[in-house]
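Okay, structure first, notes after.
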Amino acid sequence: ETITGLSKYIEGKSEYKNADLVFLYTSLNIGHYAENDGTAGYTMLGGVCNEYKTGAAEDEAGSYSGVYITAHEIAHGLGAVHDGSGPDYNIEGHPGASSCPRGDGYIMGSFSWEKNHYLFSQCSVQQFRHLYNMKKYSCLRKRNTKGTLISSDKLAGEFISYDDQCRKMKKDQVFLYDEKKGVTDCQINCKTEKDASGYTWYNTMEALDGTPCDPKNKNMRCIKQQLRGCHEVHQPKYSRRLKSSKKDETKEPLSARRGRGRSTEEPLTTLQSPFISVIKSFVPSGFGTGPKK
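Going letter by letter, the sequence shown gives residues 2 to 294 in the working numbering.
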């Protein structure tokens, strides 16, 4: 209902007319699936460029949890199903992702903190290309960026403390940094105060990029979890670029530019209802090691 309601809200509003996809963020729970899983986002599959170009995701302020969820949900909007799934027959000629095992842990696969966590599988890339080349999705080839974007030279872990990162772990329990255990392989050790029964709960969470991980060396930081550890880095200097209004520019389909790929001129079958191919994404809410006295 939220997604369809958002679609109706933006309909006819000039500020959303040229948007390829409109996203709603909330710190409220979107849904609940099982004890250790939560529905973290909704997006219409292949919803870009049409009346259902909307999505929603949970994002707890200061936790940056919505970054990964957004990447996952935008991929759905760009036509990618979960790895291991077959074609979606509401998108003509859709290649699906049955040849990419879900367990490989890519962005569209099973949730994992292993090396593929920040990468798209080849199946996802193939689906992106398929949509990009289709006539109905020509908005993806039209460059109409307007406004200003100022990049930051700070990483989240530089200004969000260990305690604050632990506090974002769960809404129903207050976790604080466990100074005795510290940070291990870019996993922050957290714990609760003793409860009424005298128990303390322990948990770990992935450190944000830029989090210090060696008290003896201030240049040792957690940078991208695929590195799986603490690494010496020097603060990158990002140029502050202003993206101002540009004249609309349309790119050619990939098949035309590269001389390969299927024809993009045939019409697409119309979505029968806004509920077709609604994707629910599940991510773990954090796994405790259990209470200890």
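Beta carbons are placed, not taken as given, at the ideal position from N, Cα and C, and that holds for glycine.
- With respect to the C-alpha of Y26, the residue from A58, L7, K54, N19 having the closest C-alpha is A58.
- For T71, the secondary structure class from DSSP, reduced to helix, strand or coil, is helix.
- Taking all protein chains shown into account, I75 has 16 or more neighbouring C-beta atoms within 10 Å of its C-beta and is therefore buried.
- About 6 Å separates the Cβ atoms of V175 and T193, confirming a contact at the 8 Å cut-off.
- The Cβ atoms of M109 and D84 sit closer than 8 Å to each other.
- By the beta-carbon neighbour count (other beta carbons within 10 angstroms, threshold 16), L29 is exposed.
- As the crow flies, the alpha-carbon of K137 is around 11 Å from that of H131.
- In the DSSP annotation of this structure, R222 is not part of any alpha helix (DSSP H); the continuous beta strand (DSSP E) holding it starts and ends at 221-223.
- DSSP places C50 outside both helix and strand once states are collapsed to three, so it counts as coil.
- Taking a cut-off of 8 Å on C-beta distances, the region 144-164 touches the region 212-222, as three or more cross pairs fall below it.
- For C191, the enclosing beta strand (DSSP E) stretches over residues 188-192.
- The region 127-174 contains, as complete alpha helix (DSSP H) runs of 4+ residues, the segments 157-160, 163-168 (chain order).
- Excluding its 5 nearest sequence neighbours in each direction, S99 has C-beta neighbours in its own chain below 6 Å: G87, listed in chain order.
- Annotation for Y26: the continuous beta strand (DSSP E) segment containing it runs 23-27.
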